[in-house]
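Asks: Residue numbers (our numbering): 1 to 234.
Where a beta carbon is used, it is the ideal one built from N, C-alpha and C, also for glycine.
Below is the structure I would like to discuss, written out as structure tokens.
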Amino acid sequence: MNKVSIAEDDVARTVLIQSNGRILTGGNSFGQIGNSDIHIIRTKSNGSMDNTFGVGGIATIPGGFFCDMALLSGGKIIVAGSGVGPTNTNNYIVYRFTKNGVLDTTFGNAGSVAVNMLYENMICNDVTIQPDGKILLGGYTSGVHRNMIIVRLKANGNLDNTFATGGIFKLEIANRGSACYQLAMQNDGKIVAGGFIDMIILNSYYIFDFRCSTAHSKWNFRQYIRRWRRGNSK
């Protein structure tokens, strides 16, 4: 076991293994006043810190909340999170690091991209890289009811306007909440999003799985419904 202590409370959320066997661990550290920083730690295959990465093996983003990360084919690292944007609401925020743990200033705005929907809090849960290098982000907006949000960025960080509406898909169902927690790609280029739609009927809960083609902006839903009842599943 290898212990790395950064602040009062540290939480690891994602672990990835690079092609050279080195280990990336992403998460948050929390201070005494509740502030959160993002940390990416790289260790060698034997568990010792990799001092060629970041500063002493750690790359830090002050003031952010880590959600997930993914590896690009060239060794660069995409980190997805949430943070406060210009409208004082939480945005999806995406960072790209070089393979050495330094922000890649050729990506977005000096290494990061903020995606916001005016006056709505956005919480990111997952990031997935398509074979063409485009970046998929899944999560939700928070409010009276959650709304599932899926965003697609081009490889350079710009919104992909060929996807859904202006690069952003929002699922709105009257008086129902929804969220995306996991994204995956099929071999035929379709996207599978796992999450929930809050439809409580006689103590039953429904989960929907839906798909779309990355080649078209139109979403074609195929609903996979699983219902849970108290004490058993169906």
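(1) Check whether the Cβ atoms of Y92 and V115 lie closer than 8 Å to each other.
(2) What would DSSP say about E172, mapped onto helix, strand or coil?
(3) Using the Cα positions of Q18 and I40, report the straight-line distance between them to the nearest angstrom.
(4) For the beta strand (DSSP E) that Q182 lies in, which residues bound it at each end?
(5) Counting along the chain, where does the beta strand (DSSP E) carrying F53 start and finish?
(6) Taking Cβ positions, are G64 and G81 nearer each other than 8 Å?
(7) Which residue comes first and which comes last in the beta strand (DSSP E) that contains V115?
(8) Quick test of your reading: N100 and T141, contact by CB under 8 Å. State the CB separation rounded to the nearest angstrom.
(9) Confirm, please, whether the CB-CB distance from A70 to T128 is below 8 Å.
(10) Give every residue of the same chain whose Cβ lies closer than 7 Å to the Cβ of P62, excluding the five residues on either side of it in the sequence, and list them in chain order.
(11) Suppose you measure from the CA of N161 to the CA of R146; what does that come to, to the nearest Å?
(12) Taking buried to mean at least 16 other C-beta atoms within 10 Å of its own C-beta, is W104 buried or exposed?
(13) Which partner residues does H39 have in the DSSP bridge list?
(14) Need the endpoints of the beta strand (DSSP E) that S142 sits in, please.
(15) What residue does the beta strand (DSSP E) around S82 start on, and which one ends it?
(16) Quick one: what does DSSP say N46 is sitting in, helix, strand or coil?
(17) Check for me: the beta strand (DSSP E) holding D126 runs from which residue to which?
(18) Quick one: grab the DSSP three-state call for A164.
(19) Please report the Cβ distance between I78 and M122, rounded to the nearest whole angstrom; I am assuming they are in contact, meaning their Cβ atoms lie under 8 Å.
(20) Identify whether L71 lies in helix, strand or coil by the three-state DSSP scheme.
(21) Please state whether DSSP places R152 in a helix, a strand or coil.
(22) What does a CB cutoff of less than 6 Å around G21 pick up in its chain, not counting 5 residues either side in sequence?
Replies: Based on what the coordinates show:
(1) yes
(2) coil
(3) 13 Å
(4) S178 to M185
(5) Careful: F53 lies outside any beta strand (DSSP E) and carries neither H nor E.
(6) yes
(7) Its beta strand (DSSP E) spans residues S112 to V115.
(8) About 35 Å; that fails the 8 Å criterion.
(9) yes
(10) D37
(11) 24 Å
(12) It is Asp, not Trp, that sits at residue 104 in the sequence shown. Buried.
(13) G27 and T60
(14) I135 to S142
(15) Secondary structure note for S82: its beta strand (DSSP E) is the uninterrupted segment I77 to V84.
(16) Residue state, collapsed to three classes: coil.
(17) N121 to I129
(18) coil
(19) With 8 Å as the limit, I78 and M122 do not qualify as a contact, their Cβ atoms being about 17 Å apart.
(20) strand
(21) strand
(22) Excluding residues within five positions, the ones whose Cβ falls inside 6 Å are S45.
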